[in-house]
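Residue numbers for the sequence shown follow the working numbering, so the first one is 155 and each next one is one higher.
Where a beta carbon is used, it is the ideal one built from N, C-alpha and C, also for glycine.
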Amino acid sequence: MKKTMMTVAGGLLLAALQPVMAQQKKNEITVEIKGQGDNKLLLLLYDDSKRMDSAIRRNGDVFTFSTEGMQLPVAATLVSHHPASRFEFSKGGMFMPAPKLEFIITDKPVRITGNAAELFLATAKGGTANEEMNALKKKTMPLVKQIWELRKQSAGLKKPEDSTARKAVMKQMEELSAQEARLKKNFIATHPGSFVSILLLSQQMKSYSTDELTTTFSKLADTYKNTFLGKHIANTISGTRATEPGNTAPDFTKMDLSGEPFTLSSLRGKFVLVDFWGSWCGPCRASHPHLKEVYEKYKSKGLEIVGVACEKVAAVDDAKKSWQQAVRTDGISAWINVLNNDGKENADVSKKYAVDGYPTKLLLDKNGKIIYKLVGNGGAELDAALKKALGE
């Protein structure tokens, strides 16, 4: 899911691109955060990306955002850069962000009050959707807070002698997360007319089977199915169905490393492993040595690999640089590599394939039919699928 980011720092607002769509209205979001100090404040909009004009005022702990040029309603997240809003594993090093504060922007003014140290516990008021969100949060936030404390606790359990304690903490987290998920699923089932249900379903899709997701989505209000999140769910359903084993893989054409157009269906007659990855994705790049072994083993038996790089940077030229550098560094130019970002507005291959986790790999037979799909790094699973399809 894309998010548009606006930054408030020292009275400066930097707005990323935001769409100009139907039902455009101006709205004010007033944020009163105690203890914010000079730390940055971020407003992330769960929407597509085109430019939006915005203004900002600050008076002490009170920030006022003025937003317009967006389709309403839209879900948003407010994030503080206050040191207490993250847990650092080491000073200045890797960190875990605190849970997110989420709210809904409608045609009603929104007022958020809270403390910078625990922004995720802040309250957003304004409009029916936020009232519904607050009612749900009364049930989920105690669980979220417990999970956050356990996450911080688990980060300190790294020694071999901590393994038993760590397993106990992880089990607690899983149980609490399951309780939270059940509360959210129940909300979706009992509030089909709420935009909050659209937001929650977009976040809970992995916990539904494709049939369950389709049925649940069909029961939600048609009013909100044309919003960004509604379209995201619909695209995921269609993409997931299109990439179920037994279906012909959706065709696509993208430019390869040499700048020549490559079309997936041109590889009919070969087994094809389509690998969705990105230069930013550690697990993706960690899988490349194994992919090189796989390619050497099976290329003589008719296996071709197609790497589809999905870069996170907005500018295509920057995406090309990151992609090409990663291909060189990882030494994977022996097989076909294409960039999803190039011409993405016309054909986003990751959306066609409903890719929501990286790496994602699909094995196609000689007729282009999907015979295996893997999300994540399952080297042994991939080896078994290849052995079944191509032999030793």
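Environment of residue i [buried if 16+ CB atoms lie within 10 Å]
i       : result
Lys-542 : exposed
Asn-181 : buried
Ala-176 : Note on Ala-176: pLDDT 41, under 50, position unreliable in the model; no value is reported.
Gly-530 : exposed
Pro-513 : buried
Pro-399 : exposed
Pro-251 : exposed
Ala-552 : Residue 552 lies beyond the range of the chain shown here (155 to 546); nothing can be said about it.
Arg-190 : For clarity, residue 190 is Gln in the given sequence; the question names Arg instead. Its Cβ being crowded by 16 or more others within 10 Å, Gln-190 is buried.
Pro-404 : buried
Leu-528 : buried
Ala-322 : exposed
Met-206 : Legend: pLDDT at Met-206 = 38, less than 50; position of this residue unreliable, value from coordinates given subsequently. Its Cβ being crowded by 16 or more others within 10 Å, Met-206 is buried.
Ser-548 : The chain is shown from 155 up to 546; residue 548 falls before or after that span and cannot be answered.
Gly-432 : buried
Ala-534 : exposed
Thr-318 : exposed
Coarse secondary structure for residue i, derived from DSSP in three states
i       : result
Gly-268 : strand
Ile-525 : strand
Glu-546 : coil
Arg-395 : helix
Ala-278 : strand
Leu-445 : helix
Leu-297 : helix
Ser-504 : helix
Asp-201 : coil
Asp-261 : coil
Met-224 : coil
Ala-176 : Because Ala-176 sits at a pLDDT of 41, beneath the cut-off of 50, its placement in the model cannot be relied upon, and the point is left open.
Val-350 : helix
Thr-514 : strand
Thr-417 : strand
Pro-437 : helix
Ile-387 : helix
Asp-316 : helix
Leu-311 : coil
Pro-253 : coil
Ala-209 : At Ala-209 the pLDDT is 41, less than 50, meaning the model places this residue with poor confidence; the figure from the coordinates comes in the next sentence. In this structure, Ala-209 counts as strand in the three-state DSSP scheme.
Asn-491 : strand
Thr-381 : coil
Arg-422 : coil
Val-216 : strand
Unbroken beta strand (DSSP E) run spanning residue i, endpoints
i       : result
Tyr-408 : Inspection of the sequence shows that residue 408 is occupied by Lys rather than by Tyr. Counting along the chain, the beta strand (DSSP E) containing Lys-408 begins and ends at 407 to 409.
Lys-188 : 181 to 188
Trp-431 : 425 to 431
CB contact below 7 Å: residue i versus chain B
i       : result
Val-467 : In the structure shown, chain B does not exist; there is a single protein chain.
Identity of the residue in the options nearest residue i by Cα
i       : options                            : result
Leu-273 : Lys-188, Lys-313, Ile-258, Pro-404 : Lys-188
Lys-408 : Val-462, Thr-377, Ser-441          : Val-462
Pro-237 : Phe-249, Ala-309, Thr-231, Pro-227 : Phe-249
Gly-280 : Ser-454, Pro-399, Gln-478, Pro-227 : Pro-227
Tyr-200 : Pro-263, Thr-368, His-386          : His-386
Ile-525 : Pro-296, Ala-539, Ala-534          : Ala-539
Val-428 : Pro-296, Lys-515, Lys-306          : Lys-515
His-444 : Val-233, Tyr-507, Gly-485          : Gly-485
Ser-104 : Leu-528, Pro-251, Ser-412, Thr-369 : Because residue 104 is not part of the residues shown, which for the chain are 155 to 546, the question remains open.
Trp-477 : Glu-465, Ala-488, Ala-469, Lys-506 : Glu-465
Ser-487 : Ile-459, Ala-469, Phe-382, Lys-293 : Ile-459
Leu-411 : Asp-496, Val-264, Tyr-452          : Asp-496
Arg-422 : Asn-288, Leu-518, Glu-334, Lys-306 : Leu-518
Met-327 : Ala-278, Lys-506, Glu-303, Thr-184 : Glu-303
Ala-473 : Leu-493, Lys-293, Asn-269          : Leu-493
Asp-202 : Ala-440, Lys-523, Thr-381          : Thr-381
His-235 : Arg-211, Asn-269, Ser-220          : Asn-269
Leu-536 : Asp-471, Tyr-449, Gly-522          : Tyr-449
His-442 : Lys-520, Thr-294, Ser-351, Thr-483 : Thr-483
Leu-275 : Val-264, Pro-263, Leu-255          : Leu-255
Rounded distance between the beta-carbons of residue j and residue i, thought under 8 Å
i       : j       : result
Leu-354 : Lys-379 : Rounded, the Cβ-Cβ distance is 15 Å, inconsistent with contact.
Ala-283 : Thr-267 : Incorrect: roughly 17 Å between the Cβ atoms, too far for contact.
Phe-406 : Val-503 : 5 Å
Leu-544 : Lys-455 : 5 Å
Pro-346 : Ala-388 : Wrong, their Cβ atoms sit about 16 Å apart, outside the cutoff.
Phe-341 : Leu-297 : The pair is not a contact, with the Cβ atoms about 14 Å apart (cut-off 8 Å).
Val-216 : Thr-184 : 7 Å
Ala-480 : Arg-439 : 7 Å
Thr-402 : Gly-522 : 5 Å
Ala-508 : Thr-397 : 6 Å
Alpha helix (DSSP H) segment containing residue i, residue limits
i       : result
Gly-461 : Element bounds for Gly-461: not the alpha helix (DSSP H) but the beta strand (DSSP E), 457 to 463.
Ala-229 : Run containing Ala-229: none in the alpha helix (DSSP H); it sits in the beta strand (DSSP E), 228 to 234.
Glu-366 : 364 to 372
Val-470 : 470 to 484
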